[in-house]
Amino acid sequence: MAIMFKAFSNMYQDSVSLMQLSAQINKQDGIEACSVAMGTPANLTRMQDAGFGIIEAQPNDLVIAVKGTTEAVESAITFATEQLTAKKTLSSDSNTFSLPNNSFELTLANFPDANMALISVPGEYAAGEALKALKLGLNVMMFSDNVSLEDEKLIKTYAQSQNLMVMGPDCGTAIINGIPLGFANVVREGEIGIVAASGTGLQEATCRVHQLGKGISQALGTGGHDLHQSIGGISMKTGLLALIEDKKTQVIILISKPPAKEIATEILSIAEKSTKPIVVHFLGADASEFNSPTIHFAQNLAHSAEIAVALLNQTQVEPEFSYLAKDELSMIAKYKESLAPTQQYIRGVFAGGTFCYEAQLVAKKAGLNGFSNTPVSGYENLADVWRSQLHTYVDLGDDAFTQGRPHPMIDPTLRNERIAKEAQDPETAVVLFDVVIGYGASDTPIDELIKVITDVKSTSTQLPVFIAHVCGTDSDPQNRASIISQLTEQGVLIADCNAKAAMLAVALIQSQA
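For the sequence shown, the UniProt record's numbering assigns the number 1 to the initial residue and increments by one for each residue that follows.
And the structure:
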């Protein structure tokens with residue numbers, strides 16, 4: 001096995017582009033692992049931890065590290081060099097020349113109507129760039145992560161004082177004026193606005209609204225730490241107030257993991273003053289703790305969209321999420337007949353962190369405790385994230401799995417490998433997984449997964465039940481209907497939302513008892 005790296009001096013590209021390049025190289029024959037990232041100390045440490053050895057580079061350098069056969073590694077370095085240094089096609093008019101937009105000031109001079117900056121630089125530099133943008137009157141979307149809480153508080157407090165909004169840090173999803181940003185989906189425009197402290201939570205809600213025939217006015221991400229006690233929910237409050245004022249928005253959805261009660265009370269007090277109906281879903285929180293008769297509390301992500309659509313249509317609002325119907329329970333009973341007595345456990349394999357969290361909540365509510373690398377209250381930490389025990393729900397987008405690797409939504413290789421491993425475990429009754437599509441996600445999210453399932457079928461005498469949920473729309477580049485059709489052909493049971501998929505898995509296990 002050979003290991004090789006190359007550093008490109010003073011070269012910058014955004015992290016999504018780098019993850020996509022890494023995913024391309026990882027799929028090449030003879031490649032064991034590849035990482036492409038800026039040469040910050042944190043990234044170099046991750047590369048070292050991932051087995052690439054000690055790499056010397058400067059923070060402004062772009063570094064590619066590859067592991068595999070000698071021929072494959074050399075070819076990969078050449079390929080990466082060509083991709084990273086390829087010159088853009090110049091205008092045919094040799095007399096035309098324009099300076100690149102390499103600063104906020106120059107960009108605003110060329111595009112004076114711009115009012116938002118998207119920042120995707122290493123975390124230690126992101127706060128400084130955000131302040132530059134804010135001081136020029138720009139709202140900010142920060143794709144960058146690894147920004148300290150102190151810096152996040154600083155930039156959000158300043159933004160608030162200037163009547164501006166900061167989406168992030170670590171904001172991976174938004175839809176602004178119909179334009180998907182980051183990992184977002186193609187949904188119709190409409191009258192439902194969303195503010196969410198969860199990327200995949202935002203995707204689930206926007207897609208469910210679309211599937212129910214309605215559309216999105218604005219979908220604003222806040223970053224996962226916004227409702228932390230030290231931040232105080234600044235971005236969620238700003239986003240909520242903006243949607244209340246927005247003439248196009250008629251119904252508002254708020255999504256977050258449970259905030260501190262003081263912060264929740266502040267957010268809900270703003271919501272209660274709105275003349276527009278508001279739906280709130282704090283994942284895992286007991287709605288009875290928040291005594292607010294004018295606000296509609298949802299039980300899960302899909303339910304929040306269902307309530308919002310009912311409010312918009314002025315039809316009856318279902319206070320409870322539609323649980324499994326009789327035909328679904330009958331179907332589960334038939335699947336149960338194929339299982340051996342040794343097959344007792346759910347093995348959840350997720351690319352979406354919020355989907356992993358929500359699935360655990362469904363199981364916990366049904367009395368099934370278990371393990372996770374990102375456990376909810378009442379669940380336990382896995383002793384070894386690479387090895388499941390009893391009921392296990394794994395978030396493959398967590399740092400433990402993405403060091404030196406692209407996120408599984410971009411490169412599903414690790415997801416596929418984990419599914420194969422779980423499917424071959426004689427104790428596995430259900431392999432529960434998500435497929436997240438849309439912009440930024442893999443162009444071919446299930447090609448290798450289909451091969452994994454067919455290989456398991458041909459080599460295993462005792463198959464588990466595969467249950468999946470596809471987060472996306474038929475308008476996405478990968479086409480949700482096509483993905484569902486291909487998985488169904490392989491015998492995968494498809495649910496219309498993540499919560500329903502988790503419920504089906506639980507129902508099968510409990511029918512085993």
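Each residue gets a CB set at the ideal place from its N, CA and C atoms; glycine is no exception.
What residues in its chain sit with their C-beta under 7 Å from that of residue i, if we drop five residues either side in the sequence?
| i | result |
| --- | --- |
| E380 | F371 |
| L241 | I270 |
| E71 | G30 |
| Q299 | E320 and F321 |
| E32 | M1, K67 and G68 |
| S9 | D61 |
| T238 | Q160 and M165 |
Classify residue i as helix, strand or coil using the three-state DSSP reduction.
| i | result |
| --- | --- |
| M1 | coil |
| L181 | strand |
| H296 | strand |
| G193 | strand |
| N10 | coil |
| C171 | coil |
| V186 | coil |
| D425 | coil |
| residue 599 | What the structure shows of the chain is the stretch from 1 to 513, and residue 599 is not part of that stretch, so it cannot be assessed. |
| S103 | coil |
| V376 | coil |
| L432 | strand |
| N381 | strand |
| I332 | helix |
| I437 | coil |
So the alpha helix (DSSP H) residue i belongs to, where does it begin and stop?
| i | result |
| --- | --- |
| P41 | P41 to M47 |
| S217 | No alpha helix (DSSP H) contains S217, which is instead part of the beta strand (DSSP E) from I216 to G221. |
| T392 | Unbroken run through T392 is the beta strand (DSSP E), T392 to D395; no alpha helix (DSSP H). |
| K135 | G123 to K135 |
| I270 | K261 to E272 |
| D398 | Looking at the DSSP string, D398 is not in any alpha helix (DSSP H), and its letter there is neither H nor E. |
| E150 | L149 to S161 |
| S458 | D447 to T459 |
| I410 | Note, I410: premise wrong, no alpha helix (DSSP H); not H, not E. |
Using CA coordinates, which residue listed in the options is at the minimum distance from residue i?
| i | options | result |
| --- | --- | --- |
| L463 | A441, E427 and N498 | E427 |
| A308 | K273, E358 and G215 | G215 |
| S75 | Q203, F5 and L62 | F5 |
| S148 | Q58, G168 and A481 | G168 |
| Q314 | S274, L432 and V251 | V251 |
| I25 | V492, L432, G178 and D411 | D411 |
| K457 | I419, G440 and P445 | I419 |
| F401 | M503, S35, L18 and G137 | S35 |
| S511 | T461, E417 and I346 | I346 |
| A23 | S475, D443 and A499 | D443 |
| L487 | K421, Q48 and V470 | V470 |
| M236 | D246, K247 and E266 | E266 |
For residue i, is the classification buried or exposed, using 16 other Cβ atoms within 10 angstroms of its Cβ as the cut-off for buried?
| i | result |
| --- | --- |
| E448 | buried |
| Q360 | buried |
| R387 | exposed |
| Q343 | buried |
| G378 | exposed |
| A205 | buried |
| Y393 | buried |
| A130 | buried |
| Y335 | buried |
| D455 | exposed |
| N369 | exposed |
| I54 | exposed |
| G224 | buried |
| G440 | buried |
| I81 | Before going further, note that residue 81 is Thr rather than Ile in the sequence given. It counts as exposed. |
Taking 6 Å as the limit between beta carbons, can you name the residues of its chain near residue i, skipping five residues before and five after?
| i | result |
| --- | --- |
| A285 | P258 |
| G353 | D395 and G397 |
| A505 | I346, V430, L432 and I467 |
| A363 | V506 |
Quick check on the DSSP output: the beta strand (DSSP E) that includes residue i runs from which residue to which?
| i | result |
| --- | --- |
| I234 | No beta strand (DSSP E) contains I234, which is instead part of the alpha helix (DSSP H) from I234 to E245. |
| L493 | L493 to A495 |
| L118 | M116 to I119 |
| L62 | L62 to G68 |
| R347 | Y345 to F350 |
| S256 | V251 to S256 |
| E289 | Here E289 belongs to no beta strand (DSSP E), and DSSP marks it neither H nor E. |
For residue i, collect the residues of the same chain with a Cβ closer than 8 Å to its Cβ; drop the 5 residues on either side in sequence, then sort them by chain order.
| i | result |
| --- | --- |
| residue 557 | Outside the modelled stretch of the chain, which goes from 1 to 513, sits residue 557, for which no answer is possible. |
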